[in-house]
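Engineer:
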Amino acid sequence: MVKKLSRKFYTQPTLKVAKELLGKYLVRKLGSRKLVGKIVETEAYIGPEDRASHSFGGKVTERCKTEYLEGGHIYIYLCYGMHWQLNITTSLAGKPECVLIRALGHPLATGPGKLCNYLKLNKSFDGEDLTKSKRVWIENRGKRTKPSTGAKLGAGLVPHRNKVSGAGKQQVVATKRIGIDYAGSWAKKPWRFYLKNNPFVSKI
DNA sequence: GTACAGATTGAG
DNA sequence: TCAATCTGTACT
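As structure tokens, then:
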């Protein structure tokens, strides 16, 4: 069953969305072609309190202002002057929370920068509404990972130890985020999620 | 205005 | 291990 994800999905708590996006399909329409890739790796960035987030402390800059949009919008920005990073906003309007899409199940989309290059995503998609857009959206193709009933998210997880949850075919692993060692204790939060044993997940 | 670091990547 | 090179922040 193919079903486009609705506003209701995106406005759920960020950690939940980050986890449930795994196994969903990102669809990008390029002219008459349609590129589709399964999401296999994500990271959550939670608002004013997350030191690794651009909106840490409630800052609103020209770059990160779209992060404050209601769940279901695209927040895309340039990193290191050359790589675009695709984020999906979550939660309610005014709350700077989002999920970074780090990898798709495609050899040319195995990293946040490569993914955007492959799907031809750039600044023109900043603020795009995934529930209304005709050129990019996310689908549930009936093979979704089973919602976790075991490990609790957030504060309940112990840093430095990977937790595997989800009894479905595809297991979800939670571990610490990548490339944000400067963020102190926030760098250790197990807010990176990926599908266990998936070959397209970055190996770190 | 200048200096520097960053949610990265591919080449050497 | 490094450089590519845009954006935001902390200085002068």
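Residue numbers (numbering that gives the first Met the number 0): 0 to 203. Positions of the beta carbon are idealized from the N, C-alpha and C atoms, including for glycine.
Tell me which same chain residues have a C-beta within less than 8 Å of the C-beta of lysine 195, skipping the five on either side of it?
Structural biologist: Taken in chain order, the residues that qualify are Val163, Gln169, Gln170, Val171, Val172.
Engineer: Quick one: what's got a C-beta closer than 7 Å to glycine 56's C-beta in the same chain, skipping five residues either side?
Structural biologist: Here the set comprises Pro47.
Engineer: Can you tell me where the alpha helix (DSSP H) with valine 16 in it begins and where it stops?
Structural biologist: Its alpha helix (DSSP H) spans residues 13 to 19.
Engineer: Can you say whether aspartate 180 is buried or exposed, counting buried as having 16 or more other CB atoms within 10 angstroms of its CB?
Structural biologist: It counts as exposed.
Engineer: Enumerate in chain order the residues of its own chain whose CB-to-CB distance from glutamate 127 is below 7 Å, with the five nearest sequence positions on each side excluded.
Structural biologist: Cβ within range, chain order: His72, Ile73, Val135.
Engineer: Among Cys97, Phe124, Leu34, which has the Cα closest to the Cα of glutamate 42?
Structural biologist: With distances taken between Cα atoms, glutamate 42 lies closest to Cys97.
Engineer: Here's the rule I'm using: 16 or more other beta-carbon atoms within 10 Å means buried, otherwise exposed. How should asparagine 86 be labelled?
Structural biologist: Classification of asparagine 86: buried, given that the 10 Å Cβ count is 16 or more.
Engineer: Among the residues of its own chain, which have a CB less than 6 Å from the CB of glutamate 138, if the five just before and after it don't count?
Structural biologist: Hits under 6 Å: Val1, Lys3, Tyr24, Val26.
Engineer: What's the call for arginine 176, buried or exposed, on a 16-neighbour Cβ count within 10 Å?
Structural biologist: Arginine 176 is buried by the Cβ-count criterion.
Engineer: When burial is assigned at 16 or more other CB atoms within 10 Å of the CB, is leucine 120 buried or exposed?
Structural biologist: Label assigned to leucine 120: buried.
Engineer: In or out: alanine 154 buried (at least 16 other Cβ within 10 Å) or exposed?
Structural biologist: Below a pLDDT of 50, predicted positions are generally treated as unreliable, and alanine 154, at 40, falls in that range; the measurement from the model is reported next regardless. Burial call: exposed.
Engineer: Closest by CA to glycine 110, which one among Thr88, Val39, Lys58?
Structural biologist: Residue Val39 is the option with its Cα nearest to glycine 110.
Engineer: For a test of the three-state rule: what should DSSP assign to aspartate 125, helix, strand or coil?
Structural biologist: Here aspartate 125 sits in coil by DSSP.
Engineer: Given a cut-off of 7 Å on the beta-carbon distance, is the pair threonine 13 and threonine 130 in contact?
Structural biologist: Taking 7 Å as the Cβ cut-off, threonine 13 and threonine 130 do not qualify as a contacting pair.
Engineer: On a Cα-Cα basis, can you pick out the residue from Gly70, Val35, Arg50, Lys64 that is closest to serine 5?
Structural biologist: Measuring from the Cα of serine 5, the nearest candidate turns out to be Gly70.
Engineer: Which two residues bound the contiguous beta strand (DSSP E) that contains asparagine 116?
Structural biologist: That residue, asparagine 116, is in no beta strand (DSSP E); its alpha helix (DSSP H) goes 111 to 118.
Engineer: For lysine 122, is the classification buried or exposed, using 16 other Cβ atoms within 10 angstroms of its Cβ as the cut-off for buried?
Structural biologist: Lysine 122 is exposed by the Cβ-count criterion.
Engineer: Should glycine 141 be labelled buried (16 or more other beta-carbon atoms within 10 Å of its own) or exposed?
Structural biologist: By the 10 Å Cβ count, glycine 141 comes out exposed.
Engineer: Would you say phenylalanine 124 touches the ligand SAM, meaning its beta carbon is less than 6 Å from a heavy atom?
Structural biologist: As presented, the structure is devoid of all ligands, the ligand SAM included, so that no description of it is given.
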